[in-house]
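For reference, the structure discussed in these notes is given below.
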Amino acid sequence: MSVRYNKVAIVLHWTIALLIIGLILFGLLMTQEWMPNRFAIYQWHKSIGMTVLVLSLARLLWRLGHRPPPLPDAMPGWQRRASHFMHGAFYALMFAMPLLGWAMVSASDLPIPTVIYGLMTLPDMPGVSESKASAERFKFLHEIGAKLFIALIFLHVGAALKHHFTDRDDVLKRMAPWVKTRR
Ligand code: HEM
Ligand code: HEM
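Numbering (full-length UniProt numbering), first residue to last: 1 to 183.
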């Protein structure tokens with residue numbers, strides 16, 4: 001059995017990871033008054049955020065049809081459970097964050113359309129009507145989700161680096177096959 005994820009999983013993992021890290025960094029910057037070109041960055045944020053939704057759907061479908069490679073035998077049960085929980089939480093946020101963003105702009109009473117990559121106007125989310133109170137609620141949840149995402153990314157990266165540098169196993173290589181084995 002293969003000891004690492006296949007090409008599809010690896011390309012989707014790193015593409016989505018880079019896009020999400022960019023969305024978080026630019027999301028935090030674009031909401032600052034002093035930031036130049038805020039309008040353009042908002043449009044990019046919304047376009048890339050919706051792209052993450054589509055890529056996450058592709059990734060979930062791939063994942064449902066493929067078993068991940070087995071974890072190292074020496075890995076204790078609590079770490080296996082923690083890693084399953086962490087991956088589940090990531091999948092949940094990869095869907096929740098774009099959906100909350102879409103719901104937020106659909107409920108907004110500002111007359112600003114979301115034009116995906118300058119090509120097509122994003123329709124309002126079905127079932128969400130204009131309401132200041134709902135827009136505020138979705139915005140609050142989007143903000144909480146972002147904080148949760150940041151915390152999980154630190155834990156996830158910390159765990160990957162611990163496996164590589166302390167445990168010296170192949171867990172990082174499962175997703176980053178170009179990394180050299182450390183024995
Ligand atoms: C994985 C996808 C996404 C991530 C990780 C993400 C992340 C963020 C972050 C970190 C912020 C700054 C939060 C703050 O106010 O402190 C933000 C704000 C915002 N996001 Fe997203 N976002 C995503 C998708 C979307 C999508 C798809 C839309 C809309 C279609 C959207 C619309 C917005 C808007 C309008 C704001 C500004 C809210 C405000 O005025 O305070 N986001 N996002
Ligand atoms: C926003 C950033 C990231 C997200 C949302 C994310 C999400 C995920 C998810 C959902 C999985 C489980 C794959 C599956 O079974 O379907 C995974 C695996 C993995 N990720 Fe990330 N990841 C991110 C960033 C990173 C970074 C920066 C690193 C490297 C330091 C990394 C290293 C790994 C490794 C080594 C695995 C395989 C672990 C295992 O098989 O147990 N990830 N990631």
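Each residue gets a CB set at the ideal place from its N, CA and C atoms; glycine is no exception.
Next on the checklist: Using only the alpha-carbon positions, how far apart do LEU162 and SER56 sit?
Outcome noted: Note on identity: in this sequence residue 162 is Lys, with Leu being the wrong assignment. Straight-line Cα distance between these residues: approximately 26 Å.
Next on the checklist: I'd like to know whether the C-beta atoms of MET125 and ALA146 end up nearer to each other than 9 Å.
Outcome noted: no
Next on the checklist: So, at 7 Å on beta carbons, what are the nonlocal neighbours of MET86 in its own chain, with the 5 sequence-adjacent residues on each side left out?
Outcome noted: The beta carbon of MET86 sits closer than 7 Å to the beta carbons of LEU152, LEU155 and HIS156 from its chain, once the five residues preceding and following it are set aside; these are given in chain order.
Checklist entry - Are MET175 and TYR5 touching if we call contact CB-CB under 9 Å? => result Between MET175 and TYR5, the CB-CB gap stays under 9 Å.
Item to check | Inter-residue spacing [alpha-carbon to alpha-carbon] between ARG67 and LEU100 | outcome: 29 Å
Next on the checklist: By alpha-carbon positions, which one of PHE165, PHE149, PRO72 and ARG63 ends up nearest to ILE24?
Outcome noted: With distances taken between CA atoms, ILE24 lies nearest to PHE149 out of PHE165, PHE149, PRO72 and ARG63.
Item to check | Where THR31 falls: helix, strand or coil (DSSP) | outcome: coil
Checklist entry - Which whole-angstrom value is the C-beta distance of SER108 and ALA135, which I expect to be below 8 Å? => result 5 Å
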